[in-house]
Amino acid sequence: MKLSERDKKHIWHPLTQHKTYPENLAIARAKGVYLYDESGKSYIDGISSWYTCMYGHCNPEITDRVAHIMQNLDQVVFSGFTHEPAVELSEKLIALLPDNQEKLFYSDNGSTSVEVGVKISLQYHFNKGDRKQVIIAFEEGFHGDTFGAMSVSNLSVYNGPFEGMLLEVIRIPVPNGNNTEELLSVLREICETKKVASFIYEPLVQGAAAMKMHDAESLNVILEYLHKQGVLLIADEVMTGFGKTGTAFASDQISQKPDIICMSKALTGGLLPMAATSCTQEVFDAFYSDDIAKGFFHGHTYTANPLSCTAALAAIELLQTEAIQSQIRQVIRYHEIFGEQVKRHPMVRGVRQCGVIFALDLDLDMSRYGGLRNKMFSYFMERGVYLRPLGNTIYIQAPYVIGQEEMNTIYEVILSLLEELPAMKMNQVE
Ligand SMILES: *Cc1c(COP(=O)(O)O)cnc(C)c1O
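And the structure:
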């Protein structure tokens with residue numbers, strides 16, 4: 000029996016409506032920028048398996064390091080114990096993060112890194128004797144699927160059944176460069192009438208909102224205002240972290256630095272699950288006390304797993320090599336050239352780019368996961384390219400190590416889709 004058939008028997012897939020989704024493709028192997036299915040067909044991983052494997056799948060610089068350490072050390076409790084990979088990683092990460100970050104809390108995935116950031120921001124004010132429970136977030140933000148992370152997210156397709164069971168969150172529009180004054184007056188009103196604990200934001204690029212991009216200057220103005228109001232700033236860099244925006248973190252391009260930063264996805268270069276939440280000394284100090292109850296009583300069994308820490312160390316060392324930095328600059332150039340070429344195409348409404356993240360909006364109105372979107376997905380897959388359009392947005396976030404030829408293959412299937420779209424649309428019954 001085919002693997003995809005056996006899969007159907009017991010497995011419940013994430014973000015999947017099993018009744019309407021035919022079957023999950025079995026991937027047998029992944030190497031470099033390629034995925035290989037069980038029949039041997041290859042696909043260029045144009046979205047780096049959800050923005051994780053930026054140094055290519057099964058990069059030996061990472062796998063060898065992990066294979067070596069696992070002969071000597073595996074999971075150990077991280078409450079009461081510590082180990083070399085965790086300590087070394089903390090030193091490397093703090094050196095890479097914006098200068099004001101001093102402490103790191105490890106966990107397992109993007110949602111838990113957000114959950115930790117949100118809980119720290121709430122307890123910070125509580126510990127200081129000033130309970131605050133309102134959180135500000137962006138419209139169409141996405142921060143993960145656990146309850147706290149889901150509360151601050153705003154994509155209703157995921158949150159509908161849980162409305163009314165979530166944290167108190169006020170949403171504001173994203174800064175587009177023309178609405179700074181309007182945003183400031185909205186924030187003034189909120190801060191004067193509510194006790195605001197924190198503001199959570201995906202800096203510069205909102206991934207799940209189809210790579211919506213922000214105006215950095217305007218974002219900086221609202222961050223500065225909120226900082227002056229004593230609102231803790233939580234930068235969710237789960238997607239943008241580790242080089243995606245052209246700098247190590249998107250926050251590097253914004254002068255007001257966050258109090259808390261959430262990271263995961265590319266942290267281990269796609270080998271193992273891991274996340275971290277960093278914060279300033281000032282935040283940490285609000286928990287540092289002779290009173291045990293002021294500590295942060297949150298922990299996951301696999302916190303700072305030594306293999307994950309080792310993978311993260313190898314990934315960060317790769318990121319800092321001249322080879323990877325020059326590949327990042329290359330990818331940015333490829334996208335700039337392609338963007339110029341494609342932006343005047345009659346089927347294209349607009350293009351945008353931030354670092355290696357490229358997005359193109361089709362001049363069509365369509366649903367996020369509707370029939371036409373699925374046809375486009377299949378069109379790419381049949382031609383050996385893995386891209387996941389979101390509604391009318393096609394975006395690329397390929398591994399840094401992609402070569403010019405493979406990048407051209409991605410661009411070419413997008414260009415040929417643009418030619419076929421009018422016919423595809425005519426035959427489409429939604
Ligand atoms: C993916 C993502 C998350 C959630 O991470 P998981 O590992 O899927 O839980 C949170 N925030 C942002 C910005 C993300 O892109």
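So the sequence shown is residues 0 to 429, counted in numbering that gives the first Met the number 0. Heads up, the beta-carbon is just placed ideally off N, CA and C, and yes, glycines get one too.
**OP:** Using the DSSP secondary-structure output, state which residues sit across from Phe104 in a beta bridge.
**Re:** One-based indexing of the sequence shown puts residue 104 at position 105. Thr276, per the DSSP bridge assignment.
Original post:
Helix or strand or just coil, what does DSSP make of Phe357?
Top reply: Here residue 357 corresponds to residue number 358 of the sequence shown, with the count starting at 1. Per DSSP, reduced to three states, the secondary structure at Phe357 is strand.
**OP:** From the DSSP output, read off the bridge partner residues of Met365.
**Re:** One-based indexing of the sequence shown puts residue 365 at position 366. DSSP output for Met365 lists no bridge partner at all.
**OP:** Consult DSSP for Thr302 and reduce its assignment to one of helix, strand or coil.
**Re:** Within the sequence shown, the letter at position 303 stands for residue 302. Correct three-state label for Thr302: coil.
Original post:
Just the Cα atoms here: how many angstroms apart are Gly268 and Met375?
Top reply: What you label residue 268 is simply residue 269 of the sequence shown in a count that begins at 1. What you label residue 375 is simply residue 376 of the sequence shown in a count that begins at 1. Cα-Cα distance, rounded: 28 Å.
Original post:
Any idea if Arg8 is buried or exposed, counting beta-carbon neighbours within 10 angstroms, 16 or more meaning buried?
Top reply: For the purposes of this step, residue 8 is taken as the residue at position 9 of the sequence shown. The sequence shown places Lys at residue 8, rather than the Arg named in the question. Looking at its Cβ environment, which holds fewer than 16 other Cβ atoms inside 10 Å, Lys8 is exposed.
Subject >> Contacts around His12, its chain only, beta-carbon distance under 7 Å, and the 5 residues preceding and following it disregarded >> reply: As a position in the sequence shown, residue 12 is number 13, starting the count at 1. Within the same chain, His12 has close Cβ partners Asn23.
Original post:
Is DSSP giving Leu95 helix, strand or coil here?
Top reply: On the sequence shown, position 96 is the one that residue 95 refers to. Per DSSP, reduced to three states, the secondary structure at Leu95 is helical.
**OP:** Can you say whether Ser288 is buried or exposed, counting buried as having 16 or more other CB atoms within 10 angstroms of its CB?
**Re:** Looking up residue 288 in the sequence shown gives position 289. Exposed: under 16 other Cβ atoms inside 10 Å.
Original post:
Contact between the segment 191-199 and the segment 80-87: three or more CB pairs below 8 Å?
Top reply: The answer is no - the segment 80-87 does not touch the segment 191-199, with fewer than three Cβ pairs under 8 Å.
Subject >> Same chain only: Cβ atoms within 8 Å of Phe219, ignoring 5 sequence neighbours per side >> reply: Position 220 of the sequence shown, counted from the start, is the residue given in the question as residue 219. For the sequence presented, residue 219 should be read as Asn rather than Phe. Around Asn219, the same chain offers Ile253, Ser254, Gln255 as residues with beta carbons nearer than 8 Å, after the five sequence neighbours per side are excluded.
Original post:
Given that a residue counts as buried once 16 or more other Cβ atoms are within 10 Å of its Cβ, and exposed if not, what is Ser38?
Top reply: Here residue 38 refers to the residue found at position 39 of the sequence shown. A residue is called buried once 16 or more other Cβ atoms fall within 10 Å of its Cβ, and Ser38, having fewer, is exposed.
Original post:
Do Asp235 and His142 have their C-beta atoms within less than 7 Å of each other?
Top reply: Start at 1 with the first residue of the sequence shown, and residue 235 comes out as number 236. Start at 1 with the first residue of the sequence shown, and residue 142 comes out as number 143. The Cβ-Cβ distance between Asp235 and His142 falls below 7 Å.
**OP:** Please state if the CB of Val282 and the CB of Asp251 are separated by a distance shorter than 7 Å.
**Re:** Taking the sequence shown and counting its residues from 1, the one referred to as residue 251 is at position 252. Taking the sequence shown and counting its residues from 1, the one referred to as residue 282 is at position 283. With contacts defined as CB atoms closer than 7 Å, Asp251 and Val282 fail to qualify as a contacting pair.
Original post:
Using DSSP with H/G/I as helix, E/B as strand and the rest coil, what is Ser217?
Top reply: Here residue 217 refers to the residue found at position 218 of the sequence shown. Secondary structure of Ser217 (DSSP, three-state): helix.
Original post:
When we look at the beta-carbon of Lys40 and count the other beta-carbons within 10 Å, is it buried (16 or more) or exposed?
Top reply: Taking the sequence shown and counting its residues from 1, one reaches residue 40 at position 41. Per the 10 Å Cβ criterion, exposed.
Subject >> Assigned secondary structure, Lys131 (DSSP; H/G/I helix, E/B strand, else coil) >> reply: By 1-based counting over the sequence shown, the position of residue 131 is 132. Lys131 falls in the coil class under three-state DSSP.
**OP:** Label Val76 either buried or exposed according to how many other C-beta atoms from any shown protein chain fall within 10 Å of its C-beta, with 16 as the threshold for buried.
**Re:** In the sequence shown, the residue the question calls residue 76 occupies position 77. Around the CB of Val76, fewer than 16 other CB atoms lie within 10 Å, so the residue is classed as exposed.
**OP:** Note down, in chain order, each residue of its chain lying with its Cβ closer than 8 Å to the Cβ of Lys211, except the 5 sequence neighbours on either side.
**Re:** Taking the first residue of the sequence shown as position 1, residue 211 is located at position 212. Excluding the 5 residues flanking it on each side, Lys211 has same chain C-beta neighbours closer than 8 Å at Glu139, Val173, Val204, Gln205, in chain order.
Original post:
Which of the three DSSP states, helix, strand or coil, is assigned to Tyr399?
Top reply: Against the sequence shown, residue 399 aligns to sequence position 400. The answer is coil: DSSP assigns Tyr399 none of H, G, I, E or B.
Subject >> Distance CB(Tyr105)-CB(Gly383) smaller than 7 Å >> reply: Counted from its first residue, the sequence shown places residue 105 at position 106. Counted from its first residue, the sequence shown places residue 383 at position 384. Between Tyr105 and Gly383, the CB-CB gap reaches or exceeds 7 Å.
Original post:
Closer than 6 Å: is that where the CB of His142 sits relative to any heavy atom of ligand 1?
Top reply: Along the sequence shown, one-based indexing puts residue 142 at 143. At least one heavy atom of ligand 1 lies less than 6 Å from the C-beta of His142.
Original post:
Any heavy atom of ligand 1 closer than 6 Å to the CB of Met69?
Top reply: Along the sequence shown, read from residue 1 onward, the residue named residue 69 stands at position 70. Every heavy atom of ligand 1 is 6 Å or more from the Cβ of Met69, so no.
**OP:** With a 10 Å radius around its C-beta and 16 neighbouring C-beta atoms as the bar for buried, classify Phe337 as buried or exposed.
**Re:** Counting from one through the sequence shown, the residue named residue 337 turns up at place 338. That one is buried.
Original post:
Using CA coordinates, which residue listed in Arg387, Leu182, Leu361, Arg372 is at the minimum distance from Leu417?
Top reply: On the sequence shown, residue 417 is found 418 positions in, with the first residue counted as 1. Leu417 has its Cα closest to that of Leu361, out of Arg387, Leu182, Leu361, Arg372.
Subject >> Of the residues Leu96, Val151, Val330, the one placed nearest Phe248, counting alpha carbons only >> reply: On the sequence shown, residue 248 is found 249 positions in, with the first residue counted as 1. In this structure, Leu96 is the residue among Leu96, Val151, Val330 with its C-alpha nearest to the C-alpha of Phe248.
**OP:** Leaving aside the five residues before and after Tyr394 along the sequence, list all residues of the same chain whose C-beta is less than 6 Å from its C-beta, in chain order.
**Re:** Position 395 of the sequence shown holds residue 394. The beta carbon of Tyr394 sits closer than 6 Å to those of Met210, Ala358, all from its chain and outside the five residues before and after it, given in chain order.
**OP:** Work out the CA separation of Thr244 and Leu88 for me, nearest whole Å.
**Re:** As a first step, residue 88 must be located in the sequence shown, where it is residue number 89. As a first step, residue 244 must be located in the sequence shown, where it is residue number 245. Leu88 and Thr244 have their C-alpha atoms some 22 Å from each other.
Original post:
Going by the beta-carbon positions, is the gap between Glu167 and Gln122 smaller than 7 Å?
Top reply: What you label residue 167 is simply residue 168 of the sequence shown in a count that begins at 1. What you label residue 122 is simply residue 123 of the sequence shown in a count that begins at 1. Contact: no.
**OP:** Could you tell me the distance, in whole angstroms, from the CA atom of Ile433 to the CA atom of Asp290?
**Re:** Only positions 0 to 429 of the chain appear in the structure, and residue 433 is not among them; the question remains open.
Subject >> Within 7 Å, strictly: CB atoms of Val65 and Ala310 >> reply: Position 66 of the sequence shown, counted from the start, is the residue given in the question as residue 65. Position 311 of the sequence shown, counted from the start, is the residue given in the question as residue 310. Yes; because the gap between Cβ atoms is below 7 Å, this pair is in contact.
Original post:
Under three-state DSSP, which class holds Ile171?
Top reply: Residue 171 sits at position 172 when you count from the first residue of the sequence shown. In this structure, DSSP gives Ile171 an extended state, which the three-state scheme calls strand.
Original post:
Curious, which full-length beta strand (DSSP E) runs of at least 3 residues does the segment 19-61 contain?
Top reply: Runs of the beta strand (DSSP E) lying entirely within the segment 19-61 and spanning at least 3 residues, in chain order: 26-30, 33-36, 41-44.
Original post:
For Glu201, is the beta carbon positioned less than 6 Å from some heavy atom of ligand 1?
Top reply: As a working mapping, residue 201 is identified with position 202 in the sequence shown. Because some heavy atom of ligand 1 lies under 6 Å away, the Cβ of Glu201 counts as near it: yes.
**OP:** Return the residue from the list Tyr399, Pro345, Thr392 that minimises the CA-CA distance to Val355.
**Re:** In the sequence shown, the residue the question calls residue 355 occupies position 356. With distances taken between Cα atoms, Val355 lies closest to Tyr399.
Original post:
For ligand 1, is there a heavy atom less than 6 Å away from the beta-carbon of Asn158?
Top reply: Here residue 158 is taken as the residue at index 159 of the sequence shown, counted from 1. Asn158 Cβ: outside cutoff for every heavy atom of ligand 1.
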